[in-house]
Each structure stands twice: as C-alpha cells, then as structure tokens.
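Going line by line, the protein sequences match chains A and B.
Here full-length UniProt numbering is used: position 90 in the first sequence is 90, and no number is missing along the way.
Here full-length UniProt numbering is used: position 126 in the second sequence is 126, and no number is missing along the way.
All residues carry an ideal CB built from backbone N, CA and C; glycine is no exception.
Notes to accompany the following structure.
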Amino acid sequence: MSVLIFTSDNQELEEKIARQSAEKLGYKTLNHRFLDDIARQYSLDSAKLREAMITTPSILKRMSSKMWHYYLSCVETAVLDRLLEDDIVCWGLGAHLYVLVVSHVLKVRLVGGDGSASMTDTKKERQREKWSVAAWQRREADPRLYDLVINLDQIKSDEAVNTVTSTVGYPRFKPMTYSRNTLTDRALAAKVKNALLETLTNIHVHAQNGTVVVTTTSLKREKAKKVAAIKEIAGKVEGMGYLEVHWNVDMVSEAALGHR
Amino acid sequence: MSNQLEILLLDDELIVGKRLKPALEKIGCCVEVFQDPREAMKRIGEKEFDIVVTDIYMEEMDGMQVLEMVHDQWPRTKIIMITGYAMISLARDAMEQGAFDFIAKPFKPDDLRKVIAKAAEALGSPLDLNAPVN
C-alpha cells in the first residue's frame, strides 16, 4: 500500500486530519514524537534536534552548520527507513521534502484553517521557508511540491479526510517496482550521507540501483585523504553496492589560501 | 491455455529481447519477442497472452498506446512497463491506465523475474522461481 505525508503551518489541524486519515485507512502513524527515538538512536541532544527541525544554523544558538546538517541527516535516515515499510501516515518530520520523486507517496499540503493569517503566522511562514530552502533547497509553501493542496478555510476537516483517503486509493499512488526502488535508493543515499556527515562536510550523495555516487569538494592538498576517508566510511554501510566518489576543488577555500 | 505462462516481450532494442527471453524461459515461461510494435499488436490481436512486457518510448508506437490496446482487448492480461526514461508522472500515468507494474531500466533479469512471479500469482498461476526447468 501507499504512504501519506501531511504538512501544514497549523500543527493542530495537521495532527487531527493526519490521525483521522490513518485511522480510516488502518495505517500506522509517524510524526514529530519520533524525534525522541531518533535522538536516542543517534545519541543526540533531543532539544537541539527539535531546534534543528525548525531553525537554521546559528552561532547564537550554538548550532553549527555541520551539526545542523548532521542532525537533519539523522532524521532523514531514520524516517526513510520507516517509510520503506508502507501503510504509513507521516507528518511533522519534513519528509515530504525528501521523497518528492517517490510516486507511491501522496503529499498533502493543508493551508488555512485558522482564519486570516496574523503577523506571527507570517513570521512563522518566513522562518519555515528559510528552513526548507536551507535544508532541502525547496520552498515548503510551493504548491508544486504537493499532489493535493487543501484550503481548510473552505473545506471542513472531515471532508479533507475523505478527500485524502479516497485519493490515496487511486492506482497512480500504488507502489510499483520503480517507486519502491526509488525509495530504497533514497534510503541508502541517506544512510551513506549520515555516516559521512558524522565526521566530514560538503557531502552530496545520490544512489541508483544500489550504486552510490558521493560528490565532495575540498582543497587540492586534502583530496587523497578525503576520498580515502569517504571510501572507508561509505564502504561499511549496509546495503552498499558499487561506490563512486566524485571530487571537485573547493575554489573559495583554495582562493582564500592563495591570498594568505 | 496451457499451464506455461505466455509472455509477449516488446522492446525496439534487440539486446533487451536477447537478454530477457532466456532469463524468462529459465523459469518456465513461453516468450515471444518483438521489436516492431505494429507486429506485436498484430500478434496480440490473434492471441491472449498472460503477460505483456513493453517498452514505453519506441519510434513506431508509444508503449502507453500498447497498454491501452491490450487492456481494452484482453482485460485479464497483466501489462508490465519498462523504460529508460522513468519519471514520477509517467509511472503514475501508467499505473492509472492499468499497468500491473512499472520498472526503470537498467534492471537485472532477476528483477523482471520477480515481477513476472508477482503477476503470475495475481493471475492465479504462481511460479516457483527456484524450481528447475526441464
């Protein structure tokens, strides 16, 4: 069966509609409470992990860019691992931003539901947009990221539940070999990225049919050391097929070094 | 219809049929391979296959047209789409039009064998992938 992901700026309504949909479909639920399990699994500070899910790196909040990317990568890895199981309704974990290309995942955006937006809401929306662009290079409010956008100022929540639960039953949202393989590849790429981000930075990972391509940048003099480290760490990840490392020179650091 | 699973395989690349035919015969399927979609459609007009495996992008005819025509003529036939240009919208459209499964190329013969086994099960004639074939 399929996977259903909800997202909304109104967390109360998001949770209510997601839970009712899961109950109606007989699906399991996966939500922000899972963050505590993730914190335990990866030995992370739970409060900092919750902070990383809503804000961008900041020296003031003692959240470095390296730490922030690693924390988000832990969430992505753990969530994708769970989504492989199917029959899940998920919300509050930003999952819609990293399963965009998986066809058996129905992505639903809920808007409105609390009257006209206040100044606080606008500020929250701006913060959310900043977060999603920094983390996943996507504007969370962009309707093109979703299969369904429901305006809760115009549609009642029980009608929204009916719409979503009937839509997820369309054949186009059925899992198929292609979509399962895509999700498996995403999960593998996330696992490799997570292992690498524990110690390294500037890491991009892509997987296709079990073949993993890691792209990285560094100073020329660090190339051999960094490529060897990537091969050693990634090679130990379970499920790894063939590994390829693409290296590019870090022009900015190289130029800065040249001016010293 | 015999107990042997009857499969029509359509792909305009010669190598695909050459590789997949023996892989499917190995699990006891009877396979007819076509490169020309018009000839394949002519054959489909004459015979009800259990499974049709078709490429999507071909010069003479689109695999989605093949899907529609097979579906109209033989509703029981399971259609498996294969393509080197897989993307989410195409995959979803194929499923909506009644494809049994959708596989992105490149894939291993064993991947297709597993999908064929799933289709055989849905048809009520389960295949044993490990059974030796005479």
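As assigned by DSSP and simplified to three states, the class of residue i
i	result
residue 49(B)	coil
residue 97(B)	coil
residue 179(A)	helix
residue 109(A)	strand
residue 1(B)	Residue confidence for residue 1(B) is low, a pLDDT of 46 falling below 50, so the modelled location carries little weight; the figure read from the coordinates is stated next. Coil at residue 1(B), not helix or strand.
residue 35(A)	helix
residue 208(A)	strand
residue 96(A)	helix
residue 46(A)	helix
residue 231(A)	helix
residue 166(A)	helix
residue 198(A)	coil
residue 343(A)	Since the first residue shown for chain A is 1 and the last is 260, residue 343(A) is missing from the structure and cannot be characterised.
residue 2(A)	coil
residue 55(A)	coil
residue 69(A)	helix
residue 103(A)	coil
residue 85(A)	coil
residue 28(A)	strand
residue 263(A)	Residue 263(A) lies beyond the range of chain A shown here (1 to 260); nothing can be said about it.
residue 125(B)	coil
residue 64(A)	coil
residue 252(A)	helix
residue 12(A)	helix
residue 243(A)	strand
residue 161(A)	helix
residue 213(A)	strand
Own chain residues within Cβ distance below 6 Å of residue i, not counting five before or after
i	result
residue 6(A)	14, 18, 91, 108
residue 215(A)	204, 246
residue 158(A)	none
residue 3(A)	83, 88, 105
residue 94(A)	none
residue 20(A)	161
residue 128(B)	none
residue 23(B)	109
residue 218(A)	226, 250
residue 48(B)	74
residue 77(A)	190, 191, 194
Residues of its chain near residue i, where Cβ-Cβ distance is below 8 Å and the 5 sequence neighbours each way are ignored
i	result
residue 30(B)	2, 4, 5, 6, 7
residue 148(A)	106, 107, 108, 109, 163, 164, 167
residue 44(A)	38, 71, 74
residue 126(B)	117, 120
residue 43(B)	8, 32, 34
Contacts around residue i, its chain only, beta-carbon distance under 7 Å, and the 5 residues preceding and following it disregarded
i	result
residue 179(A)	102, 103, 104
residue 145(A)	96, 100, 107, 138
residue 9(A)	121, 124, 125, 128
residue 193(A)	73, 203, 205
residue 64(A)	57
residue 16(A)	157
residue 12(B)	35, 55, 58, 59
residue 81(A)	187
residue 38(B)	60, 61
residue 84(B)	105
residue 182(A)	101, 102
residue 229(A)	200
Chain-ordered chain D contacts of residue i [CB-CB under 7 Å]
i	result
residue 212(A)	Within the model displayed, chain D is absent; protein chains A and B are what it includes.
**OP:** Just list the beta strand (DSSP E) runs in the UniProt domain "Response regulatory" (6-120) of chain B, keeping only unbroken ones of 3 residues or longer that don't cross its boundaries, in chain order.
**Re:** 29-34, 51-55, 78-83, 101-104
**OP:** Give the residues from the region 168-194 of chain A that approach chain B closer than 9 Å (Cβ to any Cβ), ordered along the chain.
**Re:** 170, 171, 172, 173, 174, 176, 177, 178, 179, 181, 182
**OP:** Decide yes or no for the touch test of the region 157-173 of chain A against the region 93-108 of chain B: beta carbon pairs closer than 8 Å, at least 3 of them.
**Re:** Short answer: they touch.
Original post:
Given 8 Å as the limit, is there contact between the region 119-133 of chain B and the region 190-197 of chain A, that is, 3 or more CB pairs closer than that?
Top reply: no
Original post:
Going along the chain, which residues of the region 65-77 of chain A sit with their C-beta nearer than 8 Å to a C-beta in chain B?
Top reply: Listed in chain order, the positions of the region 65-77 of chain A with a beta carbon within less than 8 Å of a beta carbon of chain B would be empty, since no residue qualifies.
Original post:
Are the region 68-76 of chain A and the region 46-53 of chain A touching by the rule of at least three beta carbon pairs closer than 8 Å?
Top reply: yes
**OP:** Spell out a yes or no on whether the region 99-119 of chain B and the region 183-191 of chain A are touching, meaning 3 or more CB-CB pairs, one atom from each, closer than 8 Å.
**Re:** no
Subject >> Inter-stretch contact at 8 Å, needing at least 3 Cβ pairs: the region 219-239 of chain A / the region 11-22 of chain B >> reply: no
**OP:** Please list the residues of the region 87-117 of chain A that have a C-beta atom closer than 7 Å to any C-beta atom in chain B, keeping them in chain order.
**Re:** 101, 103
**OP:** Pull out every residue of the region 25-45 of chain B whose Cβ sits closer than 7 Å to any Cβ of chain A, in chain order.
**Re:** none
Subject >> Proximal residues, the region 80-92 of chain B versus chain A, C-beta separation under 7 Å >> reply: Residues of the region 80-92 of chain B that bring their beta carbon within less than 7 Å of a beta carbon in chain A comprise 86, 88, 91, 92, in sequence order.
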